[in-house]
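**Student:** These protein sequence lines map, in sequence, to chains X and P.
Last residue of the first sequence: 443 (my numbering), numbering continuous.
Last residue of the second sequence: 443 (my numbering), numbering continuous.
Idealized CB from N, CA, C, for every residue including glycine.
For clarity, every value in this text was computed on a predicted model and none was experimentally measured.
There are 2 protein chains.
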Amino acid sequence: MKPVANLTDSEAAASSLDQTSTTLNIAIIGFGTVGRSVARILSERSSADLRLTHIFNRQIARKRVGELPETIRWTEDINDVLSSDADVVVELIGGLEPASEWIRRALKSGKSVVTANKQLIARHGAELVRLARENGQHIAFGASVAGGVPVISGLQEGLAGDELVELYGILNGTCNYILTRIESAGVSFAEALQEAQKLGFAEADPTDDVDGFDARAKLTILARTGLRVSADLESISAKTISSIEPVDFEYAKLLDCTIRQLSRARKTSKKLFATVGPALVHASSPLARVEGARNLVMSTGKFGGETVFGGHGAGGHPTAVAVVSDLIAIARSRQVNGAALNEAEGEIPTLSVSPDFTSRHYLRFTVQDEPGIIASLATIFSRLGINIDSVFQKPGYSKSKLPFVITLEPCPASLVEKALTQIASLKFHVQPCLNLPILD
Amino acid sequence: MKPVANLTDSEAAASSLDQTSTTLNIAIIGFGTVGRSVARILSERSSADLRLTHIFNRQIARKRVGELPETIRWTEDINDVLSSDADVVVELIGGLEPASEWIRRALKSGKSVVTANKQLIARHGAELVRLARENGQHIAFGASVAGGVPVISGLQEGLAGDELVELYGILNGTCNYILTRIESAGVSFAEALQEAQKLGFAEADPTDDVDGFDARAKLTILARTGLRVSADLESISAKTISSIEPVDFEYAKLLDCTIRQLSRARKTSKKLFATVGPALVHASSPLARVEGARNLVMSTGKFGGETVFGGHGAGGHPTAVAVVSDLIAIARSRQVNGAALNEAEGEIPTLSVSPDFTSRHYLRFTVQDEPGIIASLATIFSRLGINIDSVFQKPGYSKSKLPFVITLEPCPASLVEKALTQIASLKFHVQPCLNLPILD
C-alpha cells in the first residue's frame with residue numbers, strides 16, 4: 004500500500020479526517036462484463052482508497068476502452084500483473100486453471116486476491132485462505148455466491164454473533180427463471196430453457212445450472228462461511244430441474260405450494276445434511292416469492308432465528324458491487340499482516356455429508372391407467388412404514404399417460420428412495436416417478 | 004486487550020492458527036432482556052476472544068444470576084465499570100441520559116462502545132463516532148436498527164461498493180403487528196393495540212411506536228449509514244398509524260395493496276426525501292409480506308439494484324446477536340488505534356429534509372352523504388392540476404358515515420396537502436380525510 008498522493012482538494016479534505024488513509028493498487032484479470040463494471044465503479048468513486056492500475060486479458064487490444072484513466076497498464080502477459088506493484092488482484096477469468104495457479108502466485112508474491120470464482124473457492128477455498136494467511140494477505144470471495152446479495156459478509160459479520168444451524172437458498176437465477184416461466188406460462192422445461200438462452204439468462208450448455216452443479220458450489224461456500232463446516236463439494240447430491248413439468252405446478256398449487264430449485268444445508272453435531280434440487284415450498288415462504296433471476300438466502304440461527312438476504316444474484320453490475328465491497332473491506336483492514344479478512348478464528352471441522360433430510364414428499368407418477376395402481380403403491384409404502392398423506396388426480400389427462408400425485412407424511416428421503424426402487428419395477432409406469440421434498 | 008491465557012486445549016489449538024488472538028474484556032451496562040441474552044451467548048461461545056468481566060445495573064442484587072462465571076464483577080456503581088480494565092462497554096440502558104454521558108466517558112477512558120440505543124445514535128451518532136475516532140476507539144451500533152437483521156453491517160460492508168440512493172423499511176415491529184392484526188382479524192386500531200400490549204409487543208405508552216418516532220430514529224441511522232447523508236431527526240415527518248381502520252384494508256385490497264408503516268428515504272444531490280408513516284404497498288412487494296413483528300429493509304443502489312434484508316426486528320436474542328456480532332467485529336479489528344470500525348472514509352454531508360415525495364395517493368373520505376360531493380372534490384383537484392385515478396365506494400355503509408376512496412395519479416405530496424386544506428372546509432366530512440401514499 005502506498006500513501007495517498009495527487010489528491011483533488013475535496014479528496015484531500017475527506018482523507019484528512021483519517022490519519023491512516025492509503026491507496027490500494029488494483030489489477031483486474033479477466034476483462035468481461037463483470038470486469039468492465041468493476042472498472043466503471045472504481046472510476047466513478049470519489050474516494051482515493053482504490054486505484055485501478057492493471058487490466059489483464061487475452062488479446063487485450065480488442066478489450067481496450069477509452070474512458071478509463073490513461074495510467075492503466077493494459078496487458079496480455081500475466082507476469083506483468085504478478086510482478087507489478089498491484090496490491091490486490093481481482094480474478095475474474097473463472098474456471099479452475101489457470102485461475103488457481105495465478106491466485107496462488109499472486110498471494111505468494113504479496114498480493115491480496117478478490118475473486119468471484121465459486122468453483123475454485125468451493126473446491127480450494129480452505130487452502131487458499133490458509134495460503135493468504137501465511138503470506139499476510141487477504142482472499143475475499145463475496146462475489147462468488149449470489150452476486151450482489153451481500154450474504155457472505157452478512158454471515159461473516161452481521162450474524163457473526165449467532166450460531167447458525169441451517170441455510171436455505173435460491174442460488175441459481177437461471178433455474179429460478181426457468182421454473183417461474185414454466186409456472187406462469189405453462190411452457191415445457193425445454194421451451195423455458197430456450198427462452199432463457201435467448202435472453203442470455205442461460206448458457207448454450209446449461210448443465211451446470213439446471214443440474215445443480217453451480218448451486219452446489221455456492222452451497223459449499225455458504226456452509227463453510229455460515230455454518231462453519233467444511234464439506235466435499237462432490238459429496239453434495241444435486242438433482243436436475245429438467246424433470247419438472249407444467250403439471251407439477253398445477254399439483255403444487257393444490258398443495259398451496261410452488262416449485263423452486265433449492266439449496267439447503269443443516270448442521271448437526273455429526274453430519275451436514277445438504278442437497279440441491281427442485282423442491283415444493285409453501286406459497287407463503289419468502290422462497291416462493293423470488294421472481295425471475297433473483298437470489299435469496301435464508302439462515303436460521305440458534306439465537307437470532309430466521310434472517311433473509313435477497314437481491315440480484317448475477318449480472319455485471321451487482322457482481323461488481325460485491326467485488327468492490329470486498330476491495331473496500333481490504334482497504335479498510337489496512338494491516339496487510341495478521342489474520343485473514345473477516346475469517347473467523349478457530350478450526351472449521353469437515354463433516355460427512357448426508358442428503359437424508361426428513362420431510363414430506365411429493366411423488367408424481369405418470370402411468371398407463373389400470374385398476375389397482377394405488378393399492379399396489381399403498382402396499383409398498385405401508386410395508387416400509389411410510390404414511391400416505393394425500394392422493395391427487397386432476398381430470399382431463401389421457402388414460403394412457405396419466406399423471407397423479409401422492410404426498411407422504413414426513414419421513415427420511417432414503418426411505419422414500421427405497422420405496423421408489425421397489426415401485427420402479429411395477430409395470431404401469433410411462434415415465435419414472437418424480438420425487439420432490441415438500442418444505443414446511 | 005490482553006493476550007489469551009488459560010485456554011482449554013481445543014481453544015488453544017484453534018487460536019494457534021491465528022498469531023494475533025487477543026481477548027476483549029466486556030462490560031455490560033443495563034442487565035435486562037437483551038443484556039441477559041448477550042451474557043448467555045458470550046458464555047456459550049467456544050472462542051476465547053470475548054470475556055464478560057463486568058455487569059452494571061441499578062439494584063444489582065436482584066439481577067444476579069447463578070449460571071454465569073464467578074469471575075464476573077457485579078456492580079451498581081458505574082465508576083467500577085468506567086475505571087475497570089474492560090475493553091468494551093455494551094450500553095443497554097437506553098434513553099439519552101445518563102447513557103450519553105457514560106458512553107462519552109467510556110470512549111475518553113479508552114474503551115470501545117457497543118450500543119443498541121437508537122435515539123442516542125440518531126441524535127448524536129456523528130459526534131460519538133468522531134469522539135471514538137479521536138480516542139482510537141470504536142463505537143458500533145448494529146443493534147440499534149432492526150434488532151437481529153444485519154442491515155447496518157450489510158450497508159457498511161456488503162454494499163460498500165455500491166452507491167445507494169434509496170431505502171425502504173419496515174422498522175417497527177409493533178406497528179407491523181398492529182396493522183397485520185387489523186388486516187387479518189378486522190379489529191379496530193384500539194383493539195389491535197390492546198392485543199399487542201397484552202402480548203408484550205407494545206409498551207403501556209405506545210406513542211413512540213405508533214406515531215413513528217421510533218422508526219424515525221432508525222431511518223435517520225440508516226440514511227447516515229447507507230445513503231451517507233446526515234439529517235436532523237426532528238426534520239423527518241412522522242405520521243401515526245392510529246388513523247388506519249379496517250375499511251382501509253378493504254379498499255387497499257381492491258387496489259391489490261396492503262397497508263404498512265413505512266420508513267423511506269431517497270437521496271438527491273440537494274435534498275433528502277424522507278418520511279415515516281402508513282402507506283399502501285403493492286401485495287407483490289416484499290414489504291407487503293412482512294408478517295407480525297418482523298422487520299425488513301430494502302435498499303436500491305445505482306449499480307446493484309434492489310437488495311433486501313429481513314428478520315426479527317426486536318426481542319432479546321436477535322438484538323443480542325447484533326450486539327455480539329459488533330463485539331466480534333471489534334475483536335477482529337484488533338488494532339485499537341486508527342479509523343473507526345467499518346465507518347467509511349470521507350465527509351458525510353448534511354442535507355435538508357423534505358417529505359415531498361411524488362407518488363400516487365389514497366384518500367379515504369368519511370362523509371354525511373349528499374349529492375355533489377365527488378363533483379366538489381373533483382373541482383378542487385382539477386383546479387390544482389391533480390388527476391383523479393379512480394373512485395371506490397363499497398356498499399353496505401350508513402349514508403350518515405359513508406367511507407369512500409379516491410386515488411390520485413402521481414403528484415407531489417405537498418400538492419395533495421394543499422388540495423386537502425381546501426377540501427377540509429367543505430361541510431360533508433364526518434371524519435378528517437385519511438391521506439396515504441401508494442408505493443409503486
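How is the beta strand (DSSP E) around PRO440 (chain X) delimited, first residue to last?
**Tutor:** As a first step, residue 440 (chain X) must be located in the first sequence, where it is residue number 437. Start and end: 432-442.
**Student:** Near VAL190 (chain P), what residues of its chain come up, given a Cβ to Cβ distance below 8 Å and the 5 sequence neighbours on each side ignored?
**Tutor:** Indexing the second sequence from 1 puts residue 190 (chain P) at position 187. Taken in chain order, the residues that qualify are ARG184, GLU198 and PRO249.
**Student:** So which residues on chain X does THR210 (chain P) lean against when the C-beta distance must stay under 8 Å?
**Tutor:** Stepping through the second sequence from its first residue, residue 210 (chain P) is reached at position 207. Those within 8 Å of THR210 (chain P) in chain X number zero; the least Cβ separation is about 28 Å.
**Student:** With a 10 Å radius around its C-beta and 16 neighbouring C-beta atoms as the bar for buried, classify ALA427 (chain P) as buried or exposed.
**Tutor:** The sequence position of residue 427 (chain P) within the second sequence is 424, counting from 1. Answer is exposed; the Cβ neighbour count stays below 16.
**Student:** What span of residues does the beta strand (DSSP E) with ASN298 (chain X) cover, start to end?
**Tutor:** Mapped onto the first sequence, residue 298 (chain X) falls at position 295. Where ASN298 (chain X) is concerned, the enclosing beta strand (DSSP E) stretches over 297-304.
**Student:** In the region 307-391 of chain P, which residue ranges form an unbroken beta strand (DSSP E) of at least 3 residues, counting only runs that do not cross its ends?
**Tutor:** You should have 308-315, 355-357 and 361-370.
**Student:** Return the residue from the list X:LEU174, X:SER328 and X:THR228 that minimises the CA-CA distance to VAL213 (chain X).
**Tutor:** Start at 1 with the first residue of the first sequence, and residue 213 (chain X) comes out as number 210. For VAL213 (chain X), the nearest C-alpha among the options comes from X:LEU174.
**Student:** Would you say PHE204 (chain P) lies against chain B (beta-carbon separation less than 7 Å)?
**Tutor:** As a matter of chain content, chain B is missing from the structure shown, whose protein chains are X and P.
**Student:** Buried or exposed: which applies to GLN62 (chain P), given that a residue is buried once 16 or more other Cβ atoms fall within 10 Å of its Cβ?
**Tutor:** On the second sequence, position 59 is the one that residue 62 (chain P) refers to. Label assigned to GLN62 (chain P): exposed.
**Student:** Does LEU411 (chain P) come out as helix, strand or coil in the three-state DSSP assignment?
**Tutor:** In the second sequence, residue 411 (chain P) corresponds to position 408, counting from 1. LEU411 (chain P) falls in the strand class under three-state DSSP.
**Student:** Just to confirm the assignment, what range does the beta strand (DSSP E) spanning GLY139 (chain X) have?
**Tutor:** Along the first sequence, one-based indexing puts residue 139 (chain X) at 136. That residue, GLY139 (chain X), is in no beta strand (DSSP E); it is neither H nor E in DSSP.
**Student:** To be precise: take each residue of the region 294-312 of chain P, compare its Cβ to all Cβ atoms of chain X, and keep it if any distance is under 7 Å. Which residues remain?
**Tutor:** Identification of residues in the region 294-312 of chain P having a C-beta nearer than 7 Å to some C-beta of chain X yields GLY304, PHE306, GLY307, GLY308, GLU309, THR310, VAL311 and PHE312, given in sequence order.
**Student:** In whole angstroms, what separates the C-alpha of LEU344 (chain X) from that of SER156 (chain P)?
**Tutor:** Taking the first sequence and counting its residues from 1, the one referred to as residue 344 (chain X) is at position 341. Taking the second sequence and counting its residues from 1, the one referred to as residue 156 (chain P) is at position 153. Summary for LEU344 (chain X): the model assigns pLDDT 47, below 50, so the residue's position carries little reliability, and this model does not support an answer.
**Student:** Under the three-state reduction of DSSP, which class applies to GLY229 (chain X): helix, strand or coil?
**Tutor:** Along the first sequence, one-based indexing puts residue 229 (chain X) at 226. The answer is helix: DSSP assigns GLY229 (chain X) an H, G or I state.
**Student:** Less than 7 Å separating the beta-carbons of GLY449 (chain X) and LEU299 (chain X)?
**Tutor:** The requested residue 449 (chain X) does not occur in the structure, where chain X is confined to residues 4 to 443.
**Student:** Between the region 202-218 of chain P and the region 151-169 of chain P, do at least 3 Cβ pairs fall closer than 8 Å?
**Tutor:** no
**Student:** Are the region 133-141 of chain P and the region 261-273 of chain P in contact at 8 Å, needing three or more beta carbon pairs?
**Tutor:** no
**Student:** Would GLY513 (chain X) pass as a contact of GLY316 (chain X) if the rule is Cβ separation under 7 Å?
**Tutor:** No answer is possible for residue 513 (chain X): the residues shown for chain X start at 4 and end at 443.
**Student:** Looking at the secondary structure, which residues open and close the beta strand (DSSP E) in which GLY172 (chain X) lies?
**Tutor:** The sequence position of residue 172 (chain X) within the first sequence is 169, counting from 1. Note, GLY172 (chain X): beta strand (DSSP E), 167-173.
**Student:** Need the endpoints of the alpha helix (DSSP H) that ALA42 (chain P) sits in, please.
**Tutor:** Within the second sequence, numbered from 1, the residue matching residue 42 (chain P) stands at position 39. Start and end: 36-47.
**Student:** Comparing C-alpha positions only, which one of X:GLU79, X:ALA234, X:LYS402 and X:LEU418 sits nearest to HIS364 (chain X)?
**Tutor:** Residue mapping note: residue 364 (chain X) aligns to position 361 of the first sequence, counting from 1. In this structure, X:LEU418 is the residue among X:GLU79, X:ALA234, X:LYS402 and X:LEU418 with its C-alpha nearest to the C-alpha of HIS364 (chain X).
**Student:** Tell me which residues share the same chain as ALA143 (chain P) and place their Cβ nearer than 7 Å to its Cβ, disregarding the 5 neighbours each side in the sequence.
**Tutor:** Counted from its first residue, the second sequence places residue 143 (chain P) at position 140. VAL117, ASP329, ALA332, ILE333 and LEU344, listed in sequence order.
**Student:** How would you call GLN122 (chain P), buried or exposed, if buried means at least 16 neighbouring beta carbons within 10 angstroms?
**Tutor:** Within the second sequence, residue 122 (chain P) is the residue found at index 119, counting from 1. Buried.
**Student:** Which residues, in order along the region 150-177 of chain X, keep a beta-carbon less than 9 Å from a beta-carbon of chain P?
**Tutor:** GLY150, GLY151, VAL152, PRO153, VAL154, ILE155, SER156, GLY157, LEU158, GLN159, GLU160, GLY161, LEU162, ALA163, GLY164, ASP165 and GLU166
**Student:** Taking DSSP as the reference, what is the three-state secondary structure of PRO281 (chain P)?
**Tutor:** By one-based count along the second sequence, residue 281 (chain P) stands at place 278. Residue state, collapsed to three classes: strand.
**Student:** Straight-line CA distance for LEU442 (chain P) to ILE441 (chain X)?
**Tutor:** Here residue 442 (chain P) corresponds to residue number 439 of the second sequence, with the count starting at 1. Here residue 441 (chain X) corresponds to residue number 438 of the first sequence, with the count starting at 1. Rounded to the nearest angstrom, the two C-alpha atoms are 34 Å apart.
**Student:** Just the Cα atoms here: how many angstroms apart are PHE384 (chain P) and GLU420 (chain P)?
**Tutor:** Numbered from 1 along the second sequence, position 381 holds the residue referred to as residue 384 (chain P). Numbered from 1 along the second sequence, position 417 holds the residue referred to as residue 420 (chain P). So the alpha carbons of these two residues sit roughly 11 Å apart.
**Student:** In whole angstroms, what is the alpha-carbon distance linking LYS242 (chain X) and ALA416 (chain X)?
**Tutor:** The residue you call residue 242 (chain X) lines up with position 239 of the first sequence. The residue you call residue 416 (chain X) lines up with position 413 of the first sequence. Going from the Cα of LYS242 (chain X) to the Cα of ALA416 (chain X) covers about 13 Å.
**Student:** For a cutoff of 7 Å on Cβ pairs, would you count VAL339 (chain P) as touching chain X?
**Tutor:** Counting from 1 along the second sequence, the entry for residue 339 (chain P) is found at position 336. Legend: pLDDT at VAL339 (chain P) = 34, less than 50; position of this residue unreliable, value from coordinates given subsequently. Not one chain X Cβ lies under 7 Å of VAL339 (chain P).
**Student:** What first and last residue would you give for the beta strand (DSSP E) that runs through ILE63 (chain P)?
**Tutor:** Position 60 of the second sequence, counting from 1, holds the residue named residue 63 (chain P). Run containing ILE63 (chain P): none; DSSP gives neither H nor E here.
**Student:** Please state the DSSP three-state secondary structure of THR56 (chain P).
**Tutor:** Within the second sequence, numbered from 1, the residue matching residue 56 (chain P) stands at position 53. Three-state DSSP puts THR56 (chain P) in a strand.
**Student:** First and last residue of the beta strand (DSSP E) that includes LYS270 (chain P)?
**Tutor:** In the second sequence, counting from the first residue as 1, residue 270 (chain P) sits at position 267. In this chain, the beta strand (DSSP E) harbouring LYS270 (chain P) covers 260-270.
**Student:** Is the region 108-115 of chain P touching the region 351-363 of chain P in the sense that three or more CB pairs, one from each, lie closer than 8 Å?
**Tutor:** Segments in contact, no.
**Student:** By the criterion of Cβ-Cβ separation under 8 Å, what are the contact partners of GLY314 (chain X) in chain P?
**Tutor:** Taking the first residue of the first sequence as 1, we reach residue 314 (chain X) at position 311. Those within 8 Å of GLY314 (chain X) in chain P are GLY307, GLY308, GLU309, THR310 and VAL311.
**Student:** Can you name the start and end residues of the alpha helix (DSSP H) that ARG292 (chain X) belongs to?
**Tutor:** The residue given as residue 292 (chain X) occupies position 289 in the first sequence. Where ARG292 (chain X) is concerned, there is no enclosing alpha helix (DSSP H), given that its DSSP letter is neither H nor E.
**Student:** Spatial neighbours of SER379 (chain P) within its chain, please: CB distance less than 7 Å, with the 5 preceding and 5 following residues excluded, ordered by chain position.
**Tutor:** For the purposes of this step, residue 379 (chain P) is identified with residue 376 of the second sequence, where counting begins at 1. Closer than 7 Å at the Cβ level, and outside the excluded window around SER379 (chain P), lie LEU429.
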